[in-house]
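Numbering (the UniProt record's numbering), first residue to last: 1 to 459.
Beta carbons are placed, not taken as given, at the ideal position from N, Cα and C, and that holds for glycine.
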Ligand code: NAD
């Protein structure tokens, strides 16, 4: 823990380095007080009529909808997201709240046939849930945990990332405006080592939903284990994009750039290992080069921009560590000069198997292209990683699409597409990409305890 944790965080616009706001940091004792208030609010919320909970969550969704543009513009300022992405992200929060509201009254238990009586299972709220969010998708990822946790009858304490607390704080205000009970959803901005750690170590917090680095995820799992704390972890990725020679190679090459450049590559699902069948390799690279160079990098508030800056100087330095000045790149796009945390789209080839650019999550606009020989080779390369979050494969052969999808050890695969995230389908990782699943029809269940009750019918 740092000797002197900061008492406030300056929020910088990553495109200009201007100070957007200064946000006080929550201390450990303030986390304690927030847990007490949340527990009281949860007590009432958990026993409220499900229809009332659903109605309030729908109202929250409607209020978010009324503020979509404001939320999106705030995300552009604090996170450097392109306006188009930020609008989608604010809409995703609304949709998640709506979808979760629909789940409140469908959170049914079971009646299981047994001898001598009646057996029922109830799905009860956990209590107070801590959501620790990252800076790469501050709004959606906060809502992935928050919306189903609230719907299942819990209170939520949300700890946003140090660099991106503003949309989270605004969402908490909108929740109150929508009529959600006070203290049910509180946002605790501050340092991970202080406010985040306090949530993880607090006996009054029943579960932690964490999205971020695999290193911190492991620490949270280890320290949470002291209290047998429930955890959902969404961690890193190094996802493959497998292009077979029988695919529509033109389409695969046209769509490959944004699969690793979206959000400037700061995406745990980024397809950063592009595996191309050797017979199509040269053709693919020929098509990829103009596609990468035509990506519009610049002012994220401009509607035409496709890629903005990295989040911070720290992240920029981290990315430069993998691709230092002078390192040869097969393809290099452009990026603005001057202030802001800019790094150009970059594609590396002929990379040794143990190069960190190939084995580690860079979280920047950098991909590596590797040739493979056949299906078996593609699967071996795709699985040659400690991660297993996402992946794509391009082929016209339906049998191959299914074989390879089943053989790749990852939680989210797409065929002839790069789409991984929908609020209505489950999302999460194999191996060191995480534990548990978010989103989809079972999202609420992850925020419940199952209680089994047997009632004797013996006379
Ligand atoms: P991080 O894991 O340190 O931060 C994520 C969140 O965890 C933040 O809210 C942070 O304040 C909090 N946190 C940090 N230490 C904590 C602790 N000890 N206890 C509780 N909470 C804690 O991520 P980072 O340093 O901002 O980014 C580093 C790298 O992590 C990136 O380069 C990227 O590779 C990866 N990352 C992945 C994702 C993802 O979606 N998988 C998101 C962000 C970062």
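Specify the secondary structure class of residue i as computed by DSSP and reduced to three states.
| i | result |
| --- | --- |
| residue 306 | coil |
| residue 266 | coil |
| residue 416 | coil |
| residue 362 | coil |
| residue 240 | strand |
| residue 135 | coil |
| residue 59 | helix |
| residue 367 | strand |
| residue 405 | helix |
| residue 271 | strand |
| residue 247 | coil |
| residue 438 | strand |
| residue 422 | coil |
| residue 391 | strand |
| residue 348 | strand |
| residue 106 | coil |
| residue 285 | helix |
Confirm, please, whether the CB-CB distance from residue j to residue i is below 8 Å.
| i | j | result |
| --- | --- | --- |
| residue 459 | residue 430 | no |
| residue 61 | residue 97 | yes |
| residue 276 | residue 371 | yes |
| residue 394 | residue 242 | yes |
| residue 423 | residue 95 | yes |
| residue 202 | residue 41 | no |
| residue 297 | residue 345 | yes |
| residue 205 | residue 131 | no |
| residue 9 | residue 23 | yes |
| residue 288 | residue 194 | no |
| residue 363 | residue 265 | yes |
| residue 439 | residue 426 | yes |
| residue 291 | residue 259 | no |
| residue 82 | residue 340 | no |
| residue 268 | residue 412 | no |
| residue 134 | residue 161 | yes |
| residue 188 | residue 158 | yes |
What do you get for residue i, buried or exposed, if any count of 16 or more other CB atoms within 10 angstroms of its CB means buried?
| i | result |
| --- | --- |
| residue 118 | exposed |
| residue 2 | Confidence in residue 2 is poor, its pLDDT being 48 and thus under 50, which makes the residue's placement unreliable; the coordinate value appears in the next sentence. Its Cβ having fewer than 16 others within 10 Å, residue 2 is exposed. |
| residue 367 | buried |
| residue 284 | buried |
| residue 262 | buried |
| residue 185 | buried |
| residue 111 | exposed |
| residue 451 | exposed |
| residue 87 | buried |
| residue 90 | buried |
| residue 417 | exposed |
| residue 352 | exposed |
| residue 392 | buried |
In angstroms with no decimal places, state the Cα-to-Cα distance between residue i and residue j.
| i | j | result |
| --- | --- | --- |
| residue 389 | residue 239 | 7 Å |
| residue 338 | residue 299 | 12 Å |
| residue 217 | residue 230 | 13 Å |
| residue 50 | residue 104 | 6 Å |
| residue 236 | residue 435 | 12 Å |
| residue 246 | residue 400 | 10 Å |
| residue 453 | residue 29 | 38 Å |
| residue 174 | residue 166 | 12 Å |
| residue 127 | residue 330 | 52 Å |
| residue 63 | residue 170 | 11 Å |
| residue 152 | residue 57 | 11 Å |
| residue 21 | residue 212 | 23 Å |
| residue 447 | residue 113 | 26 Å |
| residue 405 | residue 36 | 46 Å |
| residue 252 | residue 53 | 45 Å |
Which residue comes first and which comes last in the alpha helix (DSSP H) that contains residue i?
| i | result |
| --- | --- |
| residue 218 | 214-225 |
| residue 151 | 138-151 |
| residue 167 | 166-177 |
| residue 43 | 28-46 |
| residue 450 | From DSSP, residue 450 is part of no alpha helix (DSSP H) but of the beta strand (DSSP E) over 448-456. |
| residue 342 | From DSSP, residue 342 is part of no alpha helix (DSSP H); its letter is neither H nor E. |
| residue 211 | It is not in any alpha helix (DSSP H) - residue 211 instead sits in the beta strand (DSSP E) that spans 207-211. |
Return the first residue and the last residue of the beta strand (DSSP E) that residue i is part of.
| i | result |
| --- | --- |
| residue 121 | 117-125 |
| residue 130 | 128-132 |
| residue 23 | 19-24 |
| residue 311 | From DSSP, residue 311 is part of no beta strand (DSSP E); its letter is neither H nor E. |
| residue 233 | 230-234 |
| residue 157 | 155-159 |
| residue 385 | Element bounds for residue 385: n/a, residue is neither H nor E. |
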